[in-house]
Amino acid sequence: MKVYEIVEATRGILVSGNKDDEINFFSQDSRQMTNGGMYIPLKGERFDGHNFIESAFQTGAQAIISEKDVNYEDKIVIKVKDTHQALKDMASYLRNHRPVKVVGVTGSVGKTSTRDMVYSVVKQKYKTLKTEGNYNNEIGLPLTILRYHDEEVLVLEMGMNHLQEMSRLSMIARPDIACITNVGTAHIGELGSRENILKAKLEIINGMKEGSTLIINQDNDMLQTVELPHLNVVRVGKGKEASIQASHIVLEETKSSFEVEYQGKKEIIEVPVQGEHNISNALIAIAVGIELNISLEDIKKGIQEFKLTKNRMDILEKNHKTVIDGTYNASVDSMKSSIDVLANYKKRKVAILADMLELGDYSQQLHEKVGSYVASKGIDILVCVGKEAKYIYQKARESMKDVYYFESNQEVIARLDELLKEDDVILVKGSHSMNLKEVVEKI
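Each residue of the sequence shown is one higher than the last, beginning at 1 in the UniProt record's numbering.
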């Protein structure tokens, strides 16, 4: 991005430096600069990135935007009113002034897996950039767009936890294709109802032009009701209403497959990860591929080559045991999907489940829902840990024999040797801040 473009985008003032210089790297972290990059000093409640301008220059930065008056005559300095807004404005400018297609991916669960599967399909034909890690918010999404280097397609994960946030992201990204994986209960404590969650997710269309494509999972009860005449709505799923439909589904311990029919042609699609939820993700990736004129052969290849982002349901073989690591995060929907994966194993099955957070007044009801579900799935041993997980325990033990409750991870760890046997398959799942990683490490 040229310096003069940054000045134009941010409506800033070029204090020093050459307006025709090119900036190819942007970061808000002064420790992660590269030579010739631009440092973006953001301000928060407890920090001010302007305090680290000097250190950013020491680690290789050649340019900064700044709200404060600073004097570095040998560097590129652009004065702006608000660095947060300037970050968004730069990303928006770049997106609107480059010949690139944007695919936006959102949903209560499955955003990252779907994003990665879509990326794996799209890169079979196009030079493609995707969101890395959890860079899916009002800082991460603009920074992802600013990583653009002549790609033909951007695959952007878009997250939110309150109304209007998705709308702001959509106005920056302006998706040509948007995908909604599902509408569940994540952030229901903040948003108040699934109806509000649907409303928040649908804000992804606010930055889209008329005639753009919205891909939705028709198997999700909330998404079945969506009607948007001004958009090309593509429905995927297992039901007959879906225009891209999965049938003859085969679920195995470590992979799955299904048949898809499109334009009179039937194909077997092999998915290299387990779980019925990943069939839904694959259908969305197929729909994106079709919209971008990618051949069914290349779409199949992209799905076969797909790899899950680390920490998303990692399968670990440890001490003659199989551990399904679901410690990154948890909601009702991801809990149920993970329990389904565990239930598909033939060996003795153990579920270690902890609190799902941010559920507000719905917490007891939703934990009890998980308790009923896990009890119905043929799991051999259930271990519940944490204050809210007590509701999982209480509900599950109504119809399940081997159910244990502990208040802390340390109590679980102390009992692991007596609870677990060689060859067990163990699901460990809970919200990230429950720190179940320490239980996984002890197994």
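Note that CB positions come from ideal geometry on N, CA and C, so glycine has one too. Keep in mind it's a predicted model, so treat the numbers as computed, not measured.
Could you please give me the residues that DSSP links to Asp424 through a beta bridge? Answer by DSSP bridge pairing: none, since Asp424 is not bridged.
Using DSSP bridges, identify the partner residues of Leu316. Val323
Among Met400, Ser338, Tyr391, Met434, which residue has its Cα nearest to the Cα of Asn409? Met434
I'd like the list of long-range same chain contacts for Gln218, defined as Cβ closer than 7 Å, with 5 residues on each side in sequence excluded. Gln224, Arg235, Val236, Gly237, Gly239, Glu241, Ala242
Spatial neighbours of Leu169 in its chain, beta-carbon cut-off 6 Å, leaving aside the 5 residues before and after: Leu141, Met158
Where does Asn161 fall in DSSP's three states? coil
Where Leu191 falls: helix, strand or coil (DSSP): helix
I'd like to know whether the C-beta atoms of Lys79 and Gly184 end up nearer to each other than 8 Å. no
Just confirm the distance between the C-beta atoms of Ile279 and Ile244, as a whole number of angstroms; I'd bet it's less than 8 Å. With a Cβ gap of about 12 Å, Ile279 and Ile244 do not count as contacting.
Between the alpha carbons of Glu163 and Ala200, how many angstroms are there, rounded? Note that residue 163 corresponds to Leu in the displayed sequence, not to Glu. Going from the Cα of Leu163 to the Cα of Ala200 covers about 5 Å.
Cβ-heavy atom distance, Glu132 to the ligand MN, below 7 Å: With respect to the ligand MN, the structure shown offers nothing to examine, as it has no ligands at all.
Three-state secondary structure (DSSP) at Leu42? coil
When DSSP labels each residue in this structure, what does His97 get in the three-state scheme? coil
What's the call for Phe47, buried or exposed, on a 16-neighbour Cβ count within 10 Å? exposed
For a test of the three-state rule: what should DSSP assign to Val31, helix, strand or coil? In the sequence under discussion, the amino acid at residue 31 is Arg, which differs from the Val named in the question. Three-state result, Arg31: helix.
Determine the direct distance from the alpha carbon of Thr144 to that of Thr131, and round the result to whole angstroms. 6 Å
Once the 5 residues before and after Gly302 are set aside, which same chain residues still bring their CB inside 6 Å of it? Ser120, Val121, Gln124
Outcome for Asn96 when other beta-carbon atoms lying within 10 angstroms are tallied against a minimum of 16: exposed
Rounding to the nearest angstrom, what Cα-Cα distance links Leu420 and Gly192 in this structure? 39 Å
Could you check what DSSP says for Tyr393 in three-state terms: helix, strand or coil? helix
Decide if the stretch 14 to 27 is in contact with the stretch 37 to 47; the criterion is three or more beta carbon pairs, one per stretch, under 8 Å apart. yes
For Val412 and Val383, believed in contact at Cβ under 8 Å, the rounded distance: 6 Å
Are the beta-carbon atoms of Glu253 and Tyr404 separated by less than 8 Å? no
Buried/exposed call for His248, threshold 16 Cβ in 10 Å: exposed
With 16 other CB atoms within 10 Å as the buried threshold, where does Lys300 fall? buried
Can you tell me where the alpha helix (DSSP H) holding Phe57 begins and where it ends? 53 to 58
Please list, in chain order, all residues of the same chain as Lys101 whose beta carbon is under 6 Å from its beta carbon, the five residues on each side excluded. Val153, Asp176
Measure the Cβ-Cβ separation of Ala343 and Gly371 and say whether it is below 8 Å. no
Using a threshold of 8 Å, state whether the C-beta atoms of Asn347 and Asp424 are closer than that. For clarity, residue 347 is Lys in the given sequence; the question names Asn instead. Result yes, Cβ atoms of Lys347 and Asp424 sit closer than 8 Å.
In angstroms, rounded to a whole number, what distance separates the CA positions of Ala9 and Asp325? 43 Å
Using only the alpha-carbon positions, how far apart do Leu366 and Glu358 sit? 11 Å
Quick one: residues in its chain with C-beta nearer than 6 Å to the C-beta of Gly107, no 5 flanking neighbours on either side, listed in chain order? Ile180, Thr181, Asn182
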